[in-house]
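Working notes, structure below.
There are 2 protein chains.
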Amino acid sequence: MRKGAETRERILEIAEASVLAKGFGATSIEEVIAEAGITKSGFFYHFKDKNELARALMLRYVEENDRIFDDVFRRGRQLSDDPLQSFLITLKLLAELMGDLPNGHPGCLIATFTYQERLFDRNVRDIASDAVRSWNGRFRDALNEIATVYPARKGMDLDDVAIMFSCVIDGGIIMSRGLGDPRVLERQILAFRSIVQLLFAPAAPDIILPPAPTAIAAE
Amino acid sequence: MRKGAETRERILEIAEASVLAKGFGATSIEEVIAEAGITKSGFFYHFKDKNELARALMLRYVEENDRIFDDVFRRGRQLSDDPLQSFLITLKLLAELMGDLPNGHPGCLIATFTYQERLFDRNVRDIASDAVRSWNGRFRDALNEIATVYPARKGMDLDDVAIMFSCVIDGGIIMSRGLGDPRVLERQILAFRSIVQLLFAPAAPDIILPPAPTAIAAE
DNA sequence: AAATTTACTGTACCGGCGGTATGGTTTTCA
DNA sequence: TGAAAACCATACCGCCGGTACAGTAAATTT
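Just so you know, the protein sequences line up as chains X and V, in that order. Counting from 137, one number per residue, gives the positions in the first sequence under the working numbering. Counting from 137, one number per residue, gives the positions in the second sequence under the working numbering.
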């Protein structure tokens with residue numbers, strides 16, 4: 137019912153924070169239930185074992201990220217008809233979103249899980265794999281659409297560029313943490329944005345491209 | 137003496153593989169000693185607790201990576217006097233190195249540790265942090281040296297480009313695993329290489345730059 | 001209002017693991 | 001040959017993941 141879903145959500149929230157801080161293996165159910173204010177029986181009422189918790193965490197993370205990407209891509213398209221401008225706006229929005237997080241990005245569950253893959257069954261791994269493929273597909277589609285209007289530089293495979301954006305995000309999160317500077321991620325996304333400009337603007341990108349839109353509030 | 141160092145090394149080897157596959161928290165000492173063919177007492181003779189194992193793993197990883205970077209940068213400089221060419225060669229060598237790994241890159245310990253930072257003391261975190269800063273510094277120095285000869289594109293901070301390379305490597309490892317395709321990492325490094333070309337070659341990079349050296353055996 | 005389902009609590013237990021302690025034994029090297 | 005190094009054997013503690021089962025208060029349905 138209502139209350140059950142709330143408790144379940146609270147468990148997931150607490151567990152996700154713990155997984156991102158200590159890893160899945162070191163995340164103790166006892167700590168989670170202590171923080172959630174429930175008993176062990178209550179936990180196992182919602183999740184039959186730890187692996188189902190992992191599955192639920194992954195599903196939740198993927199869905200939320202899908203929503204975020206839906207949103208920034210939709211707003212990017214709303215604000216320009218030009219596919220290049222549209223994508224550049226989307227990247228700017230994403231960068232703002234990351235920069236506005238008070239304590240930096242909390243971490244990418246996909247990244248943690250791929251570094252602990254032996255802990256999860258094929259089901260969970262497939263969810264993660266499909267999600268990554270889907271997100272890369274979005275970026276690749278956006279780039280391909282741009283390429284129909286602007287000629288891309290030779291020697292650059294757009295599939296690789298699309299994947300590189302995922303690399304920059306996941307790598308940026310790691311670097312932000314490792315260097316103790318939450319703004320690294322935002323800067324990396326903006327740097328990638330500059331590269332996209334460079335890729336599709338042959339001669340002098342700063343001249344033929346209008347300035348990026350400013351003061352667009354990120355959700 | 138001699139034999140002690142060998143056993144210690146074997147422990148580290150096994151532990152590293154386990155940490156990269158399951159995470160540090162889920163790496164059980166019992167499994168490690170079983171695989172190493174020693175007893176628990178033997179393990180605690182070499183490492184007084186699990187945290188010291190973490191410290192040793194991190195130190196070992198950082199030193200080995202330092203050696204690798206020393207090597208590819210040295211060989212890059214040997215093969216060309218031009219800083220741009222030299223760096224492009226280094227990147228190619230690095231890409232070949234990654235591509236030649238039979239089962240893909242085993243994983244970046246820094247990445248795992250930053251996603252499990254609550255498990256380690258400040259000492260270990262500082263080692264990781266300093267290593268990342270040092271590696272980023274290498275890339276930044278290389279880029280700055282290039283910029284003294286070739287004018288860089290405006291709007292791109294070379295510090296960010298340097299950090300982006302670290303992002304591409306760590307992100308590339310995650311993507312390789314997540315997508316189940318070991319060659320993603322190699323392709324990402326080569327894609328970054330193309331971007332460096334683009335960054336420093338204003339008009340037509342494929343023309344003014346000689347082809348990358350081929351058939352340079354990676355160690 | 002009664003019956004049923006939902007959402008838990010309480011208690012008890014198992015086996016595995018990290019870690020400690022302590023006392024021995026073999027191997028290596030000076 | 002003697003000391004230090006490199007282990008092995010055994011026993012133990014406490015925490016944790018997980019299971020089992022019995023009970024209960026509240027919400028929802030009938």
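We put the beta carbon where it would ideally sit given N, CA and C, even for glycine.
For the C-beta of Ser-302(X), the chain V residues within less than 7 Å are, from N- to C-terminus, Gly-307 and Met-311. Between Tyr-251(X) and chain V, the shortest Cβ-Cβ separation is below 7 Å. Per the Cβ contact rule, the region 226-242 of chain V is not in contact with the region 237-247 of chain X (fewer than 3 Cβ pairs under 8 Å). Ile-150(V) is the residue among Ile-150(V), Gly-173(V), Ala-278(V) and Ile-204(V) whose C-alpha sits nearest the C-alpha of Thr-163(V). In this structure, the CA atom of Ala-337(V) is about 30 Å from the CA atom of Pro-318(V). Here DSSP, grouped into helix, strand and coil, assigns Cys-244(V) to coil. If only uninterrupted alpha helix (DSSP H) runs of at least 4 residues are considered, those enclosed by the region 159-183 of chain X are 165-172 and 176-182.
At the C-beta level, Arg-323(X) and Leu-227(X) stay beyond 7 Å of one another. Contact residues of the region 186-207 of chain X toward chain V are absent (C-beta to C-beta distance below 7 Å).
Interface criterion met: the Cβ of Lys-158(X) is under 7 Å from a Cβ in chain V.
Under a 10 Å Cβ-count criterion, Val-260(V) is classified as buried, with 16 or more other Cβ atoms of the shown protein chains found around its own Cβ. In this structure the region 294-311 of chain X touches the region 299-307 of chain V; the number of beta carbon pairs closer than 8 Å is three or more. DSSP places Lys-290(V) outside both helix and strand once states are collapsed to three, so it counts as coil.
Among the residues of chain X, those whose CB is under 9 Å from the CB of Ile-299(V) are Gly-307, Gly-308, Met-311, Leu-315, Val-320, Arg-323, Gln-324 and Ala-327, following chain order. At a cut-off of 7 Å between beta-carbon atoms, Ala-247(X) makes contact with chain V. Within its own chain, the residues whose Cβ lies closer than 7 Å to the Cβ of Arg-274(X), once the five positions on either side in sequence are excluded, are Phe-205 and Phe-209, listed in chain order. Apart from sequence neighbours up to five positions away, the residues of its chain that approach Arg-213(X) with a beta-carbon distance below 7 Å are Ser-222, ordered along the chain. Counting only Cβ-Cβ distances below 9 Å, Ala-162(V) has contacts in chain X at Gly-159, Phe-160, Gly-161, Ala-162, Gln-252, Arg-254 and Leu-255, in chain order.
Boundaries of the alpha helix (DSSP H) around Gly-235(X): 219-235. When the Cα atoms are used, Val-285(X) and Ser-216(X) turn out to be separated by approximately 14 Å.
In the three-state reduction of the DSSP assignment, Gln-252(V) falls in the coil class, being assigned neither a helical nor a strand state. Against chain V, the CB of Val-168(X) has no partner CB under 7 Å away; the residue lies outside that interface. Contact between Val-268(V) and Met-311(X) is confirmed by a C-beta separation of about 7 Å, below the 8 Å threshold. Residue burial annotation: Pro-219(V) is buried, with at least 16 other C-beta atoms found within 10 angstroms of its C-beta. Excluding its 5 nearest sequence neighbours in each direction, Thr-143(V) has C-beta neighbours in its own chain below 8 Å: Ala-172, Ile-174, Gly-178 and His-182, listed in chain order. In the three-state reduction of the DSSP assignment, Gly-316(X) falls in the coil class. Pairing Arg-211(X) with Ser-265(V), the inter-Cα distance amounts to about 37 Å.
Per the coordinates, the alpha-carbon of Leu-224(V) lies some 13 Å from the alpha-carbon of Glu-281(V). A check of alpha carbon separations from Gln-252(V) across Ile-331(X), Met-292(X) and Val-155(X) identifies Val-155(X) as the nearest. With its beta carbon less than 7 Å from one in chain V, Leu-334(X) belongs to the interface.
If you look at Ser-265(V), you'll find it in the alpha helix (DSSP H) that goes 258-285.
For the 7 Å CB-CB criterion, Gly-159(X) and Gly-161(V) form a contact. By the Cβ-count criterion, Arg-203(X) is exposed, with fewer than 16 other Cβ atoms from all chains shown falling within 10 Å of its own Cβ.
Taking CB atoms only, Val-268(X) has a neighbour in chain V less than 7 Å away.
Less than 7 Å separates the beta-carbon of Ala-231(X) from that of Leu-326(X). Here Asp-295(X) carries a helix assignment [DSSP, helix/strand/coil].
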